[in-house]
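Step one of this worksheet: look at the structure below.
Numbering (the working numbering), first residue to last: 23 to 122.
Dropping the structure here:
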């Protein structure tokens, strides 16, 4: 068997849940692990639904939704302007020259 090819194993590795803060200790090849959700706060095990704002995911989504609303308004205004422009009758060259 070759020596030095196996990773180092930590018997007391810490796993931390970022949403509830609970710390678990068990064996792993990494000394510390951070998870977004654990058995302590997972909806399947707790029976309740809650939002976890890990890294601002919800905030970023809400910001994108607000930007989409603003974009929709601008797009609607632009469309109205284009329709109004198309609705105006076009003038012939004689009419344009007569205005000058």
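Note that CB positions come from ideal geometry on N, CA and C, so glycine has one too.
Since this is a predicted model, take the numbers as computed values, not measurements.
Original post:
Could you check where the beta strand (DSSP E) with residue 61 kicks off and where it finishes?
Top reply: Against the chain shown, residue 61 aligns to sequence position 39. From DSSP, residue 61 is part of no beta strand (DSSP E); its letter is neither H nor E.
**OP:** Round the Cβ separation of residue 61 and residue 48 to the nearest angstrom and send it over; I've been treating them as touching at under 8 Å.
**Re:** Reading the chain shown from its first residue, position 39 is the one you call residue 61. Reading the chain shown from its first residue, position 26 is the one you call residue 48. About 12 Å; that fails the 8 Å criterion.
Original post:
Assuming residue 165 contacts residue 29 under a Cβ cut-off of 8 Å, what Cβ separation, rounded to an integer in Å, is found between them?
Top reply: With the chain represented from 23 up to 122, any question about residue 165 goes unanswered, as that position is not in the structure.
**OP:** Sort out for me which residues DSSP pairs residue 39 with in a bridge.
**Re:** The sequence position of residue 39 within the chain shown is 17, counting from 1. Note: residue 39 sits in a beta bridge opposite 57.
**OP:** Verify whether the separation of the beta carbon atoms of residue 32 and residue 53 is less than 9 Å.
**Re:** Taking the chain shown and counting its residues from 1, one reaches residue 32 at position 10. Taking the chain shown and counting its residues from 1, one reaches residue 53 at position 31. Yes.
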